[in-house]
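Here's the structure, in structure tokens; my notes come after.
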Amino acid sequence: MLKQLYDSNDASSIFGYSGLLLGNTLAEAVKRIDSSCCIPFVENKSKGKLGNLVEEYFFGYKPNSDPRPDFPEAGVELKVTPLAQKKKGLAIKERLVIDMIDYVNITDIQFEDSLLCKKFLLMLILFYIHDSGAQWQDMQFVYSVLWAIKDKDLEIIKHDYYTIIDKIKEGKAHEISESDTYYLAACTKGKDGSSLRRQPFSKVLAKSRAFSLKASYMRTVLSFVANSGSNMATNTDVQPEFPQLVSVEELRADSFENIIKRRFEPYYGLDYIQLSEYLGMSIKAADKSKYARIAKHILRKGLKEYNDAEEIRKAGIIAKTIRIEKNGRIKEHMSFENIDYQEIHETDDWENSRWYEIVHSRMMLIVFRQEDSYRGGWEKEKRYVLDKIVFTSLPDTVLAEAKEYWWNIKENVEKDTLYDNNEETQKEKRNTFWRLSDGRHFHVRPKAQTSRDMTESPLTGEQVKKKCYWLDNKYLANVVRQAYGDEWENKFRSNG
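Quick note: the sequence shown, position 197, residue 197 per full-length UniProt numbering, numbers continuous.
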């Protein structure tokens with residue numbers, strides 16, 4: 001074990017010392033500090049082993065079960081987390097697990113008194129490049145971040161904490177989903193989430209879960225240090241770099257969802273012409289993105305893309321505008337992003353996939369409802385008025401199908417069957433992607449603007465059409481109908 005070469009009472013000293021790891025493997029860093037120190041062989045199987053090795057052989061203290069932060073005097077928790085080496089560069093490999101959830105005892109614990117709060121207010125996050133063929137001590141460290149959970153992040157996470165606690169109190173621990181919350185998630189533990197635990201207010205066993213920071217949140221941490229100009233960075237005295245939708249003061253009084261809902265309410269019942277005039281925007285009828293532009297402007301004046309907003313970026317929120325017809329139907333299916341075949345090829349487990357992150361994200365649906373025109377100028381187009389904001393997430397039954405959907409895409413990628421059936425290709429090259437006609441919740445097809453865009457097959461480099469993840473419109477209509485409740489019959493009764 002190394003002699004302690006830093007002040008364990010000082011966060012800055014601990015952070016500075018961590019820099020000796022960067023650009024090195026743990027074995028290399030330890031050798032440079034003390035050539036006589038030797039790290040024993042540890043099999044590359046169980047998660048968390050590298051963190052234990054760093055604690056013992058680099059920072060010089062024995063791993064323990066002390067509920068306090070790893071450096072209690074400095075109030076610093078140590079976290080070691082992997083990055084995946086992708087063709088496009090380094091990427092977050094997984095969520096950052098903080099602490100296990102004890103269903104039985106946690107319901108009476110206030111956020112400020114929780115082990116979670118005590119452990120993650122100030123974290124030293126060490127990023128390393130994961131290599132499945134290497135031993136733990138031979139994986140290279142690339143970034144060190146001293147990260148404070150503060151201000152708005154703290155308020156949003158506090159709301160997330162109570163969202164999870166409230167579900168446990170309702171006897172619904174078995175219904176908890178990562179998509180219930182924004183920054184803080186209750187992720188499953190154990191292989192395939194098969195480990196079960198007792199919950200206090202129901203006889204139904206619930207999956208073992210742990211508090212974790214979502215991959216979308218961790219991506220902003222990685223981006224922060226990667227764009228800092230150094231391999232070491234801290235946000236302790238840094239202001240947010242992206243446009244913000246809500247303030248700390250607002251969040252201390254109410255939830256993010258309620259704040260956003262109230263922001264849209266003054267504009268209910270107005271069509272895009274009225275909205276553009278009221279908001280001082282220039283919007284033409286031919287603008288295909290006019291409804292999304294209006295929604296972004298209401299969220300924050302001048303917002304160009306949803307993901308430019310700090311809260312949407314960190315939470316991975318899926319924000320979409322939806323137009324609902326007079327008969328209560330939604331004409332369009334919901335598209336997500338284009339399928340990254342290379343990412344799927346490089347991902348072995350769907351829980352670490354981009355698609356998993358998408359379907360476990362909170363969705364914000366901005367609903368425009370078709371209404372009869374009361375004045376001229378609408379002869380060539382339907383009139384839709386802003387009518388509702390719906391926050392939702394996919395239930396377990398749909399998530400189970402989303403998993404099958406991803407594995408079907410994965411199978412086509414690995415067999416290099418990415419070609420369309422109507423192309424002149426060999427029969428064995430034709431894909432088996434889920435189609436709209438299959439009647440499932442999801443299907444694969446191009447977006448209109450990318451129907452002729454091409455990308456490479458990750459196996460052969462041959463050109464194949466870009467395709468997109470799609471969610472069925474019938475499911476969306478049902479979600480919106482449930483959100484309307486009794487209002488639905490009043491607004492759509494006469495239209496079927």
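Cβ atoms here follow ideal geometry from the backbone N, Cα and C, with glycine treated the same way.
Three-state secondary structure assigned by DSSP to residue i
{"i": "Cys38", "result": "coil"}
{"i": "Arg262", "result": "helix"}
{"i": "Trp434", "result": "coil"}
{"i": "Lys427", "result": "For Lys427, the pLDDT reaches just 48, beneath the cut-off of 50, and the residue's location in the model is therefore unreliable, although a value from the coordinates is still provided. Of the three classes helix, strand and coil, the one that applies to Lys427 here is helix, per DSSP."}
{"i": "Thr397", "result": "helix"}
{"i": "Met218", "result": "helix"}
{"i": "Phe242", "result": "coil"}
{"i": "Lys403", "result": "helix"}
{"i": "Lys79", "result": "strand"}
{"i": "Ser276", "result": "helix"}
{"i": "Ile168", "result": "helix"}
{"i": "Trp470", "result": "strand"}
{"i": "Thr460", "result": "coil"}
{"i": "Gly19", "result": "helix"}
{"i": "Trp378", "result": "coil"}
{"i": "Leu50", "result": "helix"}
{"i": "Leu476", "result": "helix"}
{"i": "Gln4", "result": "coil"}
{"i": "His443", "result": "strand"}
{"i": "Phe59", "result": "coil"}
{"i": "Ile330", "result": "strand"}
{"i": "Lys207", "result": "strand"}
{"i": "Leu121", "result": "coil"}
{"i": "Phe492", "result": "helix"}
Residue from the options whose Cα sits closest to the Cα of residue i
{"i": "Glu371", "options": "Lys169, Ala84, Val385, Arg445", "result": "Val385"}
{"i": "Lys403", "options": "Tyr374, Thr417, Lys388, Ile358", "result": "Ile358"}
{"i": "Leu205", "options": "Lys172, Glu94, Asp151, Asn64", "result": "Lys172"}
{"i": "Leu184", "options": "Ser393, Lys261, Met218", "result": "Met218"}
{"i": "Ala285", "options": "Val413, Ile260, Lys380, Glu257", "result": "Lys380"}
{"i": "Gln463", "options": "Leu436, Val444, Asp416, Val479", "result": "Asp416"}
{"i": "Ile129", "options": "Val104, Leu116, Thr107, Lys86", "result": "Lys86"}
{"i": "Asp131", "options": "Arg440, Thr347, Glu411", "result": "Thr347"}
{"i": "Leu83", "options": "Ala226, Ile109, Arg32, Asn52", "result": "Ala226"}
{"i": "Ile322", "options": "Arg369, Pro200, Met454, Tyr419", "result": "Arg369"}
{"i": "residue 557", "options": "Val444, Glu337, Lys314, Asp271", "result": "A question about residue 557 goes unanswered here, because the residues of the chain that appear run from 1 up to 496."}
{"i": "Lys209", "options": "Trp434, Gly75, Ile101", "result": "Here the sequence assigns Arg to residue 209, which means Lys is not the residue at that position. The option with the nearest alpha carbon to Arg209 is Ile101."}
{"i": "Ile109", "options": "Ser437, Ile33, Phe127, Ile165", "result": "Ile165"}
{"i": "Leu126", "options": "Arg198, Tyr103, Lys207, Thr234", "result": "Thr234"}
{"i": "Asp138", "options": "His441, Val30, Gly190", "result": "Val30"}
{"i": "Phe111", "options": "Gly316, Phe211, Tyr374, Ser228", "result": "Phe211"}
{"i": "Gly376", "options": "Ile273, Ser228, Asp113", "result": "Ile273"}
{"i": "Cys117", "options": "Gln140, Glu77, Ala134, Lys93", "result": "Glu77"}
{"i": "Arg252", "options": "Leu303, Gly19, Ser12, Lys150", "result": "Lys150"}
{"i": "Val479", "options": "Ser194, Ile324, Tyr341, Thr81", "result": "Ile324"}
Buried or exposed (CB count within 10 angstroms, at least 16 for buried), residue i
{"i": "Tyr17", "result": "buried"}
{"i": "Trp407", "result": "exposed"}
{"i": "Tyr268", "result": "exposed"}
{"i": "Glu487", "result": "exposed"}
{"i": "Gly328", "result": "buried"}
{"i": "Thr236", "result": "exposed"}
{"i": "Phe71", "result": "buried"}
{"i": "Ile14", "result": "buried"}
{"i": "Pro69", "result": "buried"}
{"i": "Val215", "result": "In the sequence as displayed, the identity of residue 215 is Ala instead of Val. Label assigned to Ala215: buried."}
{"i": "Glu337", "result": "exposed"}
{"i": "Tyr182", "result": "buried"}
{"i": "Tyr57", "result": "buried"}
{"i": "Gln199", "result": "buried"}
{"i": "Cys38", "result": "exposed"}
Pair within 9 Å by beta-carbon distance, residue i and residue j
{"i": "Lys320", "j": "Met363", "result": "yes"}
{"i": "Leu471", "j": "His360", "result": "no"}
{"i": "residue 503", "j": "Lys447", "result": "What the structure shows of the chain is the stretch from 1 to 496, and residue 503 is not part of that stretch, so it cannot be assessed."}
{"i": "Leu22", "j": "Trp136", "result": "no"}
{"i": "Phe224", "j": "Lys326", "result": "no"}
{"i": "Glu73", "j": "Asn9", "result": "yes"}
{"i": "Lys465", "j": "Leu436", "result": "no"}
{"i": "Ile103", "j": "Arg197", "result": "It should be pointed out that residue 103 corresponds to Tyr in this sequence rather than to Ile. Yes; because the gap between Cβ atoms is below 9 Å, this pair is in contact."}
{"i": "Asp396", "j": "Glu175", "result": "yes"}
{"i": "Lys410", "j": "Arg445", "result": "no"}
{"i": "Asn412", "j": "Asp420", "result": "no"}
{"i": "Phe264", "j": "Ile318", "result": "no"}
Practice problem: Please confirm if the stretch 263-283 is in contact with the stretch 304-319, defined as three or more CB-CB distances below 8 Å between the two stretches. | Solution: no
Practice problem: Taking 8 Å as the threshold, find out whether the stretch 149-156 comes into contact with the stretch 13-27 through three or more Cβ pairs. | Solution: no
Quiz item: Are there three or more Cβ pairs, one per stretch, closer than 8 Å when the stretch 115-127 is compared with the stretch 243-254?
Solution: no
Practice problem: Indicate whether the contact test is met: 3 or more Cβ pairs, each with one atom in the stretch 91-102 and one in the stretch 140-152, closer than 8 Å. | Solution: No, the stretch 91-102 does not touch the stretch 140-152.
Exercise. Would you check if there are 3 or more beta carbon pairs closer than 8 Å linking the stretch 478-486 to the stretch 376-392?
Key: Yes, the stretch 478-486 is in contact with the stretch 376-392.
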